[in-house]
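Worksheet: one structure, shown below.
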Amino acid sequence: MDLCRWSENWNIGDATVDAQHRSLVAIINTLYTAMLEGRTHEILDEVLSALVAYTVHHFQDEEAVMIRSQFPDYARHKQIHEEFTEGVLQTQAAFRSGGIGLTTPVMHTLRDWLVNHIQGEDQRLGIFLREGGIK
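In this text, residue positions in the sequence shown follow this note's numbering: the first is 712, and each later residue adds one.
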């Protein structure tokens, strides 16, 4: 069962970023399925670690697109990425220490942030790119 379904409406027009967004949705769904199936802590930690690593890599690539295209809202968008990365790292640390479990509400928070970010902040970048931002 998927927690999140990809929508082609979420594409921003950069093939790399769009493919990475699809991969992030897939990782969220893999993590959610593992949680629902009660897989061992180690497997959940492995998938959560993959999400953390992929998110950091994705943000670097997305920020490179913003710099290359001279996106005027780059600094604010980068700050949002940094805050999310910090939050995910804190979630991972709490999970590893036993401070929290990966629960449905935690998964919904991750999903909601990702979907809202793609549909909001990243769509602003997509509009800028489509309207002639420098590529």
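All C-beta atoms in this analysis are idealised placements derived from N, C-alpha and C, irrespective of residue type, glycine included.
Short of 7 Å from the beta carbon of Trp721, and not among the five residues preceding or following it, lie these beta carbons of its own chain, in chain order: His732, Ile829, Gln830. DSSP, read as helix, strand or coil, puts Gly831 in helix. In terms of Cα proximity to Thr727, the closest of Ala775, Gly749, Glu757 is Ala775. In this structure, Val763 is the residue among Pro783, Val763, Ile791 with its C-alpha nearest to the C-alpha of Thr802. Pairing His819 with His768, the inter-Cα distance amounts to about 22 Å. Only buried fits Asp833, as 16 or more other CB atoms lie within 10 angstroms of its CB. Residues Met777 of the same chain have their beta carbon placed closer than 6 Å to that of Tyr785, with the five preceding and five following residues left out of the count.
For Glu719, there is no enclosing alpha helix (DSSP H), as DSSP marks it with neither H nor E. For the pair Gly724 and Ser780, the CB atoms are not nearer than the 8 Å cut-off. Put simply, of Gly837, Gly812, Val817 the residue whose alpha carbon is nearest the alpha carbon of Arg750 is Gly812. Taking the Cα positions, Ala730 is about 16 Å away from Leu840. The shortest C-alpha to C-alpha distance from Ser734 to any of Val826, Phe795, His788, Ala805 is the one to Val826.
Sixteen is the threshold: when 16 or more other Cβ atoms of the shown chains lie within 10 Å of the Cβ of Thr766, as they do, the residue is buried.
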